[in-house]
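Student:
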DNA sequence: TTGAGCCTCCTACCGAAGGAGGAGGCCCTC
DNA sequence: GAGGGCCTCCTCCTTCGGTAGGAGGCTCAA
């Protein structure tokens, strides 16, 4: 027997959700709220609240700021977002802010009930259909867009860059690679020029944005293959 | 009947996982790999692969870069991270990169099996114990665990560190904060001393490991609250 | 009121970083 | 065999980064 609260400013939607829960999770007690203020007010009265279903469009809590405020005010209260928004980014941000789940309003009732049941048992729910297909639209940009530059680095330059990324000084790199420090400087200069940056720090930022490790492994692999 | 692959460079750990899966998900076919290269090689042979259990410590794929590379190379392959790391930040980043789940190595075997079963049915798994308590326990542990040092930085020092992390020079930081370059140097020196490192580059590495952004937001929030 | 902590700025000094330019050796390709 | 690319190393020079030490002003708490 659980106590749930539905926070949404559309009475019709609240009723619809309530009907689904009544049918699917019989015996649950249901509270309703149409604003963040109302949530806070009622939550103080009902200590035994198990879960809040929070819409992201409340009049006094636009977007995720409402969730953030709630997490600060009532950290003990598990909150699941119920929203029409379906962006991966929003979903992850909600989880980052401490939501225990994110349910798109387009979710069919069976899936919704299963999600709520899982959450009440302590699990986290994310919409699989949205979360399981990100790379479809993103695979190309990182390698191609972020740094066509990295591809132009020679093997030795990549080795040097890898050590730069670990915070090594020119002197240390020289020792590690068993070459002169002046040679290291030559490599570093070439790296900076190719990456179009002005300092080793910026080179590092470019490098790990462009996933240096992968590229390095690739390079080493190529060498082994050859 | 599913086909799973375990990618971890520790044979003992692979065997341990294999044993758990054998017992808990009987009939599953299990493949093993000790490097990212090996995963790619085998994945081409076994088209019917249903799930990859990926460790974050592979020799040729440090951290999440390996996941990213995998998602690009084999977007159709569902990947669940199995790692000793337990930072919320890492977990969310993994999901953002398209992982279908994140299982800490400390997860008890029953929970592990349940997680895998859920994932094979199309759900997303996040460790509830970690994800469900951010505001309550998060303020303390990161400061305490990852770097007791960062907590000792003053507000101004954090501002400077944030700019260091963007690759800014002392001169630029001075302009941005509208203070003298010598003052910036004073701050930088203090930061290096407190973090126990020898150069700005290393300070940056410590900073982003310890989730500087979060801490900075926290600090700014505190200031607003006051 | 005194002191502690922080921010500010300074001088002086030194080593690290980076640019410019040149040079020899190696390997590969045309 | 003549070039091109890469790695190696050098000198000379400038700028940047970082330390040491001192000093004044501020706020807050004892």
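Chains as they are written, first to last, in the working numbering: chain A, -10 to 215; chain B, -10 to 215.
Glycine is no exception: its CB is placed at the ideal position from the N, C-alpha and C atoms.
Given the structure is predicted, the values throughout are model-derived calculations rather than measurements.
(1) Are the beta-carbon atoms belonging to residue 72(A) and residue 45(A) less than 7 angstroms from one another?
(2) Contact defined as beta carbons within less than 8 angstroms: I believe residue 156(A) pairs with residue 173(B). What is the distance between those atoms, to the nearest angstrom?
(3) Alpha carbon to alpha carbon, how far is residue 116(B) from residue 4(B)? Give it in angstroms, no decimals.
(4) What number of angstroms, rounded off, separates the C-alpha of residue 28(B) from the C-alpha of residue -4(B)?
(5) Closer than 8 angstroms by C-beta to residue 17(B): which residues in its own chain qualify, once you throw out the five before and the five after it? Chain order, please.
(6) Taking the CB atoms as reference points, tell me whether residue 105(A) and residue 68(A) lie closer together than 7 angstroms.
(7) What residues in its chain sit with their C-beta under 7 angstroms from that of residue 146(A), if we drop five residues either side in the sequence?
(8) Would you please state the rounded distance, in angstroms, between the beta carbons of residue 154(A) and residue 88(A)? I believe it to be under 8 angstroms.
(9) From residue 110(A) to residue 61(A), what distance separates their C-alpha atoms?
(10) Given a cut-off of 7 angstroms on the beta-carbon distance, is the pair residue 86(B) and residue 56(B) in contact?
(11) Tell me which residues share the same chain as residue 100(B) and place their Cβ nearer than 7 angstroms to its Cβ, disregarding the 5 neighbours each side in the sequence.
(12) To the nearest angstrom, how far is it from the Cα of residue 102(A) to the Cα of residue 75(A)?
(13) Between which two residues does the beta strand (DSSP E) containing residue 72(A) stretch?
(14) Starting from the Cα of residue 150(A), find the closest Cα among 183(A), 169(A), 120(A) and give me that residue.
(15) Quick one: Cα of residue 186(A) to Cα of residue 167(A), how far?
(16) When you compare the CB of residue 146(A) with every CB in chain B, is at least one pair closer than 7 angstroms?
(17) Straight-line CA distance for residue 113(A) to residue 161(B)?
(18) Identify each residue in the region 64 to 94 of chain B for which the Cβ-Cβ distance to at least one residue of chain A is less than 8 angstroms, and report them in chain order.
(19) So, is residue 77(B) buried or exposed, given that buried needs 16 or more other C-beta atoms within 10 angstroms?
(20) Helix, strand or coil for residue 46(B) per DSSP?
(21) Under 7 angstroms between C-beta atoms, does residue 0(B) make it to chain A?
(22) Could you tell me the boundaries of the alpha helix (DSSP H) in which residue 175(A) lies?
(23) How many whole angstroms separate the CB atoms of residue 152(A) and residue 170(A), which I take to be in contact at a CB cut-off of 8 angstroms?
(24) Does any C-beta atom of chain A lie closer than 7 angstroms to the C-beta of residue 3(B)?
(25) Helix, strand or coil: which one does DSSP assign to residue 32(A)?
(26) Inspect the beta-carbon positions of residue 53(B) and residue 32(B) and report whether they are closer than 7 angstroms.
(27) Under 7 angstroms between beta-carbons, which chain A residues line up against residue 190(B)? List them in chain order, please.
(28) Among 118(A), 163(A), 19(A), 51(A), which has the Cα closest to the Cα of residue 97(A)?
(29) Would you mind sorting residue 1(B) into buried or exposed? The rule is 16 or more other CB atoms within 10 Å of its CB.
(30) How long is the line joining the alpha carbons of residue 30(B) and residue -1(B), rounded to whole angstroms?
(31) Please identify the residue among 34(A), 194(A), 22(A) whose C-alpha is closest to the C-alpha of residue 48(A).
(32) Helix or strand or just coil, what does DSSP make of residue 75(B)?
(33) Taking 7 angstroms as the CB-CB cut-off, is residue 108(B) touching chain A?
(34) If I measure Cβ to Cβ from residue 83(A) and keep anything under 7 angstroms in the same chain, skipping five residues before and after, which residues do I get?
(35) If you reduce the DSSP assignment to three classes, tell me which class residue -10(A) lands in.
Tutor: For this structure:
(1) Result yes, Cβ atoms of residue 72(A) and residue 45(A) sit closer than 7 angstroms.
(2) Beta-carbon to beta-carbon, residue 156(A) and residue 173(B) are separated by about 20 angstroms, too far to satisfy the 8 angstroms threshold.
(3) Rounded to the nearest angstrom, the two C-alpha atoms are 22 angstroms apart.
(4) 7 angstroms
(5) -10, -9, -8, -7, 10, 11.
(6) no
(7) 176, 179, 180
(8) In fact, because the Cβ distance is near 34 angstroms, the residues do not count as touching under 8 angstroms.
(9) Straight-line Cα distance between these residues: approximately 23 angstroms.
(10) Yes; because the gap between Cβ atoms is below 7 angstroms, this pair is in contact.
(11) none
(12) 19 angstroms
(13) 68 to 72
(14) 183(A)
(15) Looking at the two C-alpha atoms, the distance is approximately 26 angstroms.
(16) Chain B contact via Cβ: absent.
(17) 44 angstroms
(18) 64, 67, 77, 81, 84, 85, 86, 87, 89
(19) buried
(20) Residue 46(B) falls in the strand class under three-state DSSP.
(21) Taking Cβ atoms only, chain A never reaches closer than 7 angstroms to residue 0(B), which makes this a no.
(22) 170 to 184
(23) So it is not a contact: roughly 13 angstroms between Cβ atoms.
(24) Residue-level contact by beta carbon fails for residue 3(B) and chain A, as no gap is shorter than 7 angstroms.
(25) In the three-state DSSP reduction, residue 32(A) falls in the helix class (H, G or I).
(26) no
(27) What residue 190(B) touches in chain A: 156, 189, 190, 193.
(28) Closest by alpha carbon: 118(A).
(29) exposed
(30) 19 angstroms
(31) 22(A)
(32) coil
(33) no
(34) 53, 56, 70, 91
(35) coil
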